[in-house]
Amino acid sequence: MLQRTFSIIKPDATERNLEGAILDRIQKTGLRVVAMKKIRLTREQAEGFYHVHKERPFFGSLVEFMCSGPVVCSVLEGEDAVTKYRELMGATNPANAAEGTLRKDFAVNLEANSVHGSDAPETAAFEISYFFNALEMIG
Ligand code: CMP
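Structural data, given as structure tokens:
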């Protein structure tokens, strides 16, 4: 099923100039980039994006980290895009990430884990609309 998912290349990765390496790996899976922007999140934007985690102990630190440098937001399209991208990313904690995954190869730690991807199609719909409008997606 043709599907869209949402991706963030996080500040730890943009800081190390890894956008191209990560996008190359994404595109090699066959997923297509249908929208993309590099931005610096405000605290309010980061808090709103991660609102489902607001009661978690790591929320404050996560928001701080996500605002600490630029991020690259993109919308990826392809067959089973949500699952395909989550498989490419690997486990949230790089210590548990499988060989050949983005987090295994690039992540620094559980928080600075280089990439974010939607965990379900419903989440993808919210996350895509949080950053992009329909006119900004070409695919
Ligand atoms: P992400 O997939 O963007 O979703 C929530 C983020 O919170 C996660 O990646 C990590 O960057 C961060 N995080 C920090 N601590 C934890 C934790 N204990 N469990 C899950 N996510 C965490």
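First residue of the sequence shown? That's 4 in the working numbering, and the numbers climb one at a time after it.
Yeah, the Cβ is synthetic: ideal placement off N, Cα and C, and Gly gets one too.
Quantities reported herein were computed from a predicted structural model and do not represent experimental measurements.
Proximity to residue i [Cα-Cα], best of the options
i           : options               : result
residue 123 : 18, 107 and 90        : 90
residue 23  : 142, 136, 135 and 118 : 118
residue 92  : 72, 109 and 82        : 109
residue 71  : 103, 21, 115 and 4    : 115
residue 30  : 82, 4 and 46          : 82
residue 147 : 14, 12, 20 and 34     : Residue 147 is absent from the structure shown; the chain starts at 4 and stops at 142.
residue 113 : 105, 103, 136 and 98  : 98
residue 11  : 46, 25 and 4          : 25
residue 42  : 13, 102, 138 and 130  : 13
residue 139 : 47, 56 and 36         : 36
residue 133 : 107, 47 and 59        : 47
Close Cβ partners of residue i (< 6 Å) along its chain, the five nearest in sequence each way excluded
i          : result
residue 40 : 76
residue 51 : none
The ligand MN heavy atom lying under 7 Å from the CB of residue i
i          : result
residue 88 : By its list of ligands, the structure shown excludes the ligand MN, since it contains just the ligand CMP.
Proximity test, residue i beta-carbon vs the ligand CMP heavy atom, cut-off 7 Å
i           : result
residue 2   : Because residue 2 is not part of the residues shown, which for the chain are 4 to 142, the question remains open.
residue 61  : yes
residue 130 : no
residue 114 : yes
residue 65  : yes
residue 104 : no
Identified DSSP bridge partners for residue i
i           : result
residue 102 : Its beta-bridge partners do not exist; DSSP assigns none.
residue 61  : Looking at the DSSP assignment, residue 61 forms no beta bridge with any residue, so it has no partner.
residue 118 : 12
Cutoff 7 Å; reference residue i; Cβ partners in own chain excluding five residues on either side
i          : result
residue 8  : 79, 84, 85, 88, 120, 121 and 127
residue 44 : 69, 70 and 74
residue 49 : 66, 69 and 70
Minimum Cβ-Cβ distance from residue i to chain D less than 8 Å
i          : result
residue 94 : You won't find chain D in this structure, because it holds only one protein chain.
Contacting residues, own chain, Cβ-Cβ under 8 Å from residue i (five flanking each side not counted)
i           : result
residue 6   : 80, 81, 82, 83, 84, 85, 124 and 127
residue 104 : 90, 91, 92, 93 and 94
Residue i: first and last residue of the uninterrupted alpha helix (DSSP H) it sits in
i          : result
residue 79 : From DSSP, residue 79 is part of no alpha helix (DSSP H) but of the beta strand (DSSP E) over 74-82.
Delimiting residues of the beta strand (DSSP E) encompassing residue i
i          : result
residue 35 : 35-42
residue 7  : 5-12
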